[in-house]
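In the working numbering, the protein residues as written are 389 to 573.
In what follows, a structure is listed as structure tokens, so that the remarks can point back to it.
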Amino acid sequence: MKKFWEDFKNFIKRGNVVDMAVGVAVASAFTAIVTAFTKGFISPLLALLTGESGMEEMKWIIREAVVETVDGVETVVVAEVAILWGAFVQALINFLIIAFALFLVIRIAGAITARAAKLTNEVKNKLSGADEEAEAAAKAAEEAAKAAAEAEAAAKAEAEAAKEAEKEAQLDLLREIRDLLKEKQ
């Protein structure tokens, strides 16, 4: 039982319940607006065309009511049986108006979502392009540093080789001088 209440608490905390409650409240208010519009504008126009006083009163009578009058008071003995098509038409009009409004809202939301996704992808592509450029620049800098290090190493090796050659030349010169001095002795 404790787990049940903990799960219920987590369900409420997710926020979907609050969103759903707001949606139900807005839908209820919107339904009231559409019903008022239908009763206030559309029903009178249809009633004007049909000669009835309102949509709710438009019906097909299958069996008339049986009424008895006793001491001047009318009493319904058998109730009227009728198909209330006016109420159905009014509910159908309400449904169509609400469905159309929801269609528009969903279509607009979808367009906004698609536009946001497109912009997000464009930004991601630009960022990935910038990343690729940065990687290429870093690679070029690394190669330049490597080439500079190799050139420096080659110059150092050449300088040491020149120093070694000079040292060898000096030794040869000293040997030659020594040999000449030995001959003169």
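Using N, Cα and C, we set each Cβ at its ideal position, and we do this for glycine too.
Per-residue burial, residue i [other beta carbons within 10 Å of its own, 16 or more giving buried]
i: S516; result: exposed
i: Q478; result: buried
i: S441; result: exposed
i: T426; result: buried
Selection from the options that minimises the alpha carbon distance to residue i
i: F483; options: A415, A533, V455; result: A415
i: M446; options: V454, L436, Q573, V455; result: L436
i: L480; options: E564, T423, V461, G411; result: T423
i: A453; options: M443, A536, V466; result: V466
i: A475; options: M443, A543, E540, R451; result: M443
i: V464; options: A470, I421, L472, V455; result: V455
i: I471; options: T438, D519, I450, I500; result: I450
Where the alpha helix (DSSP H) through residue i begins and ends
i: I496; result: 473–572
i: I430; result: Looking at the DSSP string, I430 is not in any alpha helix (DSSP H), and its letter there is neither H nor E.
i: E394; result: 390–401
Residue i - partner residues in DSSP beta bridges
i: T463; result: E456
i: A415; result: A415 pairs with nothing; no bridge assigned.
i: I449; result: A470
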